[in-house]
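One line per chain: the protein sequences are C and S, in this order. Start counting the first sequence at 0; every next residue gets the next number (numbering that gives the first Met the number 0). Start counting the second sequence at 0; every next residue gets the next number (numbering that gives the first Met the number 0). Note that beta-carbon positions come from the ideal geometry of N, C-alpha and C, so glycine has one too. Keep in mind it's a predicted model, so treat the numbers as computed, not measured.
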Amino acid sequence: MDDNLEDLYQEIILSHNKRPRNEGILDPHDSEAEGYNPLCGDRLQVYVKLAGPTIQAVQFTGQGCAISRASASIMTEVVKGMDEHSLDAKIAEVMELLTAKEEPMIDPLELGELAALLGVRKFPARVKCATLAWHTLAAALKQSGSITTE
Amino acid sequence: MPSFDPVAIRSDFPILSREVGGKPLVYLDNSATTQKPLSVIDALSRFFSHENANIHRGVHYLSREATNAYEGAREYVKAQIRVPDTHEMIFVRGATEGMNLAAHCLASRVSEGDEIVLTIMEHHANIVPWQVLAAKTGAVLRFARLRDNGELDLDEWKSLFSARTRIAAFTQVSNVLGTVNPVVEMVAFAKEREVLTLVDGAQALPHGSVDLTEIGSDFYAFSGHKIFAPDGIGGLCAPREILDSAPPYQTGGDMIEKVTTEGTTYRKSPERFEAGTPNISGAVGLAAAFRYLEGIDRAAAAAYEESLAVHAAEELVKIPGIRIFGTAPGKAAIVSFHYSAAHPHDVGTILDTEGVAIRVGHHCAQPLMDYLGVPATARASFAFYNNESDVEAFLRAMRKVERYFG
Chain C
0 MDDNLEDLYQ EIILSHNKRP RNEGILDPHD SEAEGYNPLC GDRLQVYVKL AGPTIQAVQF
60 TGQGCAISRA SASIMTEVVK GMDEHSLDAK IAEVMELLTA KEEPMIDPLE LGELAALLGV
120 RKFPARVKCA TLAWHTLAAA LKQSGSITTE
Chain S
0 MPSFDPVAIR SDFPILSREV GGKPLVYLDN SATTQKPLSV IDALSRFFSH ENANIHRGVH
60 YLSREATNAY EGAREYVKAQ IRVPDTHEMI FVRGATEGMN LAAHCLASRV SEGDEIVLTI
120 MEHHANIVPW QVLAAKTGAV LRFARLRDNG ELDLDEWKSL FSARTRIAAF TQVSNVLGTV
180 NPVVEMVAFA KEREVLTLVD GAQALPHGSV DLTEIGSDFY AFSGHKIFAP DGIGGLCAPR
240 EILDSAPPYQ TGGDMIEKVT TEGTTYRKSP ERFEAGTPNI SGAVGLAAAF RYLEGIDRAA
300 AAAYEESLAV HAAEELVKIP GIRIFGTAPG KAAIVSFHYS AAHPHDVGTI LDTEGVAIRV
360 GHHCAQPLMD YLGVPATARA SFAFYNNESD VEAFLRAMRK VERYFG
């Protein structure tokens, strides 16, 4: 049990929780969305600034557990500079990594800090904490006229 | 003679001897639901093994026996909580359904501009049905605030009453703060003003015996699963006069007098509000739980629970960053807290790895969370079968949280 806990609350997660990157309202921003987990009452706002088709910056605000804050913080770093196509693919990949039944066959090195989120897979009740930021980012992008899938 | 032996009582609850994740179960989520004593489990098994049949409709022996078991359970439970003669007890799924049914029964007695007085410490089940009623009728909800220790500000609550107040609904014990409200005084105050009252008893019955004749409220709702009975059964006690003049809630079998192709006439309560085959075994289990409680010295059990909660709270606040919500005198054995270094969900997950089950979240009391200025709290809630080693395990697990987050 404690090995799983060590995987869940790795140094990277605890550090992002304590000192999240890119926390705060992004001003100005092109789109935003609110993510809400009705089970726990946590709320998260995600703000996106675009430069053409490219994500120039993503910031977040809100209250949440260590997992949801760390996931949001890591996300803001990972998606920066991506274009819309690679971002869609990235969001889908992360969702798959966090929720798929099968253990992911992927090189942790390739994942970078995202690998730290995989510890949540052993805690089914906490998976939604990790996916909240990513769902919210996807919602923010859908609202924006400048992001399309084609 | 009722008695209370905190050591012996643990063997009445088979689940307490199990392990979770290789650690002994430390069950401190009793405000969510309580564990079941063997006598309740046996009563269900006996019912299904010997008495099971549908009720109120068979001429056969077994149906008569099942009907007697069901109606006998009603009469026994009514006697245990001293339901006044003017009142009836409807079997419902739980306090939530009870309060929805109460709001339904009162719909025709409320009109636009009328007021319903609630408190900010209510469970969603004692808020949302009134919001729905208010939206339907144009009535207005008024929420009473609390003092810093989690006590209801009684003067402020009284000041919310106006000539338009029709209903006052309040909990007897807060599921988050543990605050015990002075319901006898509150009901009397409302009655003087001809305001109808509903008391949410869901968290009161687990911590002591309840006397509805003394409380005197119009409505009283409770859940069986919070008092050692099965889930899916509870009671709504209400005046027959209100029940029998209210329109049916659900329609179908058992609640009708006569059905023709032109129309239907309905039976009086309780059948009026128990359409279809009810939760017969649940009623049997509920009676078994009250029978179990009859053998327990409830005052001694409550004092014991309280001593555990007090000890837990005293040690908990020694961890820097812990804030406890609800410190009212005489509060029930519920310890809600917030730890500045860790979100309640992180606290709950780490405690779970030590076998310690607590509730984390908004406790279906989001207006209270907003009022307290937190998104969620962690809550350890005690029952009389908990012991000092549960408290120690909880505190040990909290120090583990501190190691990760402190």
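Asked                                                                                                                         : Found
Contact the stretch 55–73 of chain C vs the stretch 123–141 of chain C: 3+ CB pairs below 8 Å                                 : yes
Residues that S/V175 bridges to, as DSSP identifies them                                                                      : Per DSSP, none; premise fails for S/V175.
Interface residues of the stretch 331–347 of chain S facing chain C [CB-CB below 8 Å]                                         : A341, H342, P343, H344 and D345
Contacting residues, own chain, Cβ-Cβ under 8 Å from C/L7 (five flanking each side not counted)                               : I66, G118, V119, K121, F122 and R125
Interface positions of the stretch 49–68 of chain C facing chain S (Cβ-Cβ less than 7 Å), listed along the chain              : Q62, G63, C64 and A65
Assigned exposure category for C/E31 - 16 Cβ within 10 Å defines buried                                                       : buried
Sequence ranges, beta strand (DSSP E) only - wholly within the stretch 98–176 of chain S, length at least 3                   : 114–118, 139–143 and 164–170
Identity of the residue in S/A189, S/E121 and S/R163 nearest S/C363 by Cα                                                     : S/E121
Contacting residues, own chain, Cβ-Cβ under 6 Å from C/I146 (five flanking each side not counted)                             : Residue confidence for C/I146 is low, a pLDDT of 30 falling below 50, so the modelled location carries little weight; the figure read from the coordinates is stated next. E83 and L140, listed in sequence order.
Chain S within 8 Å of C/R18, Cβ atoms only                                                                                    : no
Helix, strand or coil at C/S67 according to DSSP, with G and I counted as helix                                               : helix
Three-state secondary structure (DSSP) of S/G372                                                                              : coil
Cβ-based burial, S/Q249 [other Cβ within 10 Å; buried from 16]                                                                : exposed
Check: C/K48 C-beta below 7 Å from any heavy atom of the ligand NAP                                                           : This structure lacks the ligand NAP, and indeed carries no ligand of any kind.
C/G144 versus C/D87 - alpha carbon distance                                                                                   : Because the pLDDT of C/G144 is 38, which lies under 50, any placement of that residue in the model is unreliable, and the question is left without a value.
Bounding residues of the alpha helix (DSSP H) (the contiguous stretch that carries S/V58)                                     : Looking at the DSSP string, S/V58 is not in any alpha helix (DSSP H), and its letter there is neither H nor E.
Per-residue DSSP class, three states only, for C/N3                                                                           : helix
Contact set between the stretch 367–401 of chain S and chain C, restricted to residues whose Cβ is under 7 Å from the partner : M368, P374 and A375
Inter-residue Cα distance where the pair is S/T33 and S/H224                                                                  : 6 Å
Cβ-based contacts, 9 Å cut-off: residues of the stretch 5–17 of chain C near chain S                                          : L7, Y8, L13, N16 and K17
Coil, strand or helix - C/I146 by DSSP                                                                                        : Note on C/I146: pLDDT 30, under 50, position unreliable in the model; no value is reported.
Chain S contact for C/L116 (CB, 8 Å cutoff)                                                                                   : no
Proximity below 8 Å, CB of S/L61 to CB of S/A102                                                                              : no
Range of the contiguous alpha helix (DSSP H) that encloses C/A88                                                              : E83 to T98
Any C-beta of chain C under 8 Å from that of S/I349                                                                           : yes
For S/S107 and S/T410, the rounded distance between their alpha carbons                                                       : This structure cannot settle anything about residue 410 of chain S, because the visible part of chain S is limited to 0 through 405.
Cutoff 7 Å; reference S/Y265; Cβ partners in own chain excluding five residues on either side                                 : P247, M254, I255, E256 and R271
Burial state of S/L37, where buried means 16 or more other Cβ atoms lie within 10 Å                                           : exposed
Cβ of C/L38 within 8 Å of any chain S Cβ                                                                                      : yes
Residues near C/S72 in its chain [Cβ-Cβ closer than 6 Å; skip 5 each side]                                                    : H15, P19 and R20
Boundaries (first-last residue) of the alpha helix (DSSP H) holding C/N16                                                     : E10 to K17
Residues that C/R125 contacts on chain S, provided the C-beta gap is smaller than 8 Å                                         : H344 and T348
Cβ neighbours of S/D152 in the same chain (closer than 7 Å, five flanking residues each side left out)                        : A143, R144, L145 and R146
Burial state of S/S244 (16 or more Cβ within 10 Å)                                                                            : exposed
Complete runs of the alpha helix (DSSP H) confined to the stretch 308–379 of chain S [at least 4 residues]                    : 343–351 and 365–371
Buried versus exposed call for C/E36 [16 or more other C-beta atoms within 10 Å across all chains shown]                      : Here residue 36 of chain C is Asn; the residue named in the question, Glu, does not match the sequence. Answer is buried; the Cβ neighbour count reaches 16.
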